[in-house]
Amino acid sequence: MTSIRFFNGHSMPLVGLGTWQSTNPEELEQALDAALEAGYRHIDTANFYRNEKIIGTVLKRWLDSGKIKRKELFIVTKLPPQGMRTEHVPHFLQLSLQNLQLDYIDLYLVHSPLGFHYFTDAQLDDPKLDPNSILDMKTDLESVWTTMEEQPANHQIELHAYFQRPELLKTCKKHNITIVAYAPIGSPGRKEFYETIGLNFKPITLLENPRVLEIALKHSKTPAQIVMKFLVQQDIAVIPKSTNLDRLRQNLDLFSFELTPEEMLQLTALDQGMRPDEHSTLPYFHQTLRTTLKVKKLTRTKLQDFEERNSNFGFTNNTPYRTSINSDTSYP
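The opening position of the sequence shown corresponds to residue -13 in this note's numbering, with each subsequent residue numbered one higher.
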């Protein structure tokens, strides 16, 4: 099986192309061309990634050429954190459709669900207002899902062999919610992003694990293929990001072999509950997502430089806000 089926009958390919941090037009266009040529049909992007226009240009070229039909593609994009109010959703959806040059999105996700709290200038100046004090990390997702008018079809979460989240997977299965794993190999590329915004990041060493290396050698596959196959074999979709042409082909080659029940148990035993950062980027999001938020004692930093380079979110609101998180996700 190379796809998973939603409760409404639609299907999504189990292997997609992740595009976070892929903003170099020439590099991304080359990677997309190679991916589509190799057989990728599931493309994952987001307003926040700042690459929808590049992706849209490539998709239009392929669609116009007749080499691919729209119904063969599965395009995922996301409502950005600053758009998480009912009245803002149409704006951001339309913006993504324009950028991607498409008539519809196959799956529209809420990106890193954040609740917005709007404040007056006087409240923002109150030293007692600590952004971290309004964070709620223990929201019961199941109670949220059961009260929604429309059942969620998919939950995209950080998931890999060191961070397997069995209780969350069990809950999703109970409600017939499919799973997409971002960072399926541990997100080694996240280090550059963290350094850019002035944070330390200790990469996990999943691909160097002796058990993973042993299984990879047995199957004549790469360690990355093994840890992704571990997820795919559980009907969990993966969206590895790569602009390397060889890795693009390797990442798609997850259906030519099977892990044995013993190997699956060995990989399951690797679970350490290891999330790389435990929401250490939240202060960054408090500032990046602001529009006119007043920040005290803020000198020019890597964060400000990063914000200015990546400020094209397509939305401006003159009301200052701070954010709170009500989701078991990590960022971005």
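Backbone N, C-alpha and C fix where the C-beta goes; we use that ideal spot for every residue, glycine too.
query                                                                                                   : result
Separation of residue 189 from residue 176, as counted between CA atoms                                 : 8 Å
Proximity of residue 2 and residue 223 at Cβ, strictly below 8 Å                                        : yes
Own chain residues within Cβ distance below 6 Å of residue 16, not counting five before or after        : none
Exposure of residue 5, with buried meaning 16 or more beta-carbon neighbours within 10 Å                : buried
8 Å CB neighbourhood of residue 243 in its chain, flanking five on each side removed                    : 205, 207, 215
Euclidean distance between Cα positions of residue 148 and residue 50                                   : 42 Å
Pairwise C-alpha distance: residue 14 and residue 71                                                    : 31 Å
Cα-Cα separation between residue 247 and residue 146, rounded to whole angstroms                        : 18 Å
Run of the beta strand (DSSP E) containing residue 322, from where it starts to where it stops          : Look at the range of the chain in this structure, -13 to 318, and you will see that residue 322 is not part of it.
Residue environment, residue 90, which counts as buried when at least 16 other CB atoms sit within 10 Å : exposed
For residue -2, the residue or residues it bridges with in DSSP                                         : -10
Integer Cβ distance of residue 225 from residue 212, believed to fall under 8 Å                         : The pair is not a contact, with the Cβ atoms about 17 Å apart (cut-off 8 Å).
Neighbour-count burial assignment, residue 241, 16 or more Cβ in a 10 Å radius                          : exposed
Sub-8 Å separation of residue 97 and residue 127 beta-carbons                                           : no
Straight-line gap, residue 172 to residue 150 (C-alpha atoms, nearest Å)                                : 11 Å
Exposed unless 16 or more other CB atoms sit within 10 angstroms - verdict on residue 33                : buried
8 Å contact criterion, which residue 60 and residue 92 should meet: CB distance rounded                 : 5 Å
Neighbour-count burial assignment, residue 230, 16 or more Cβ in a 10 Å radius                          : exposed
Residue 279 versus residue 38: straight-line alpha-carbon distance, rounded                             : With a pLDDT of 34 at residue 279, under the threshold of 50, the modelled position of this residue cannot be trusted, and the question is left open.
From 54, 256, 0, 138, residue whose alpha carbon lies closest to that of residue 167                    : 0
Exposure label - residue 255; buried when at least 16 CB within 10 Å                                    : exposed
As assigned by DSSP and simplified to three states, the class of residue 142                            : strand
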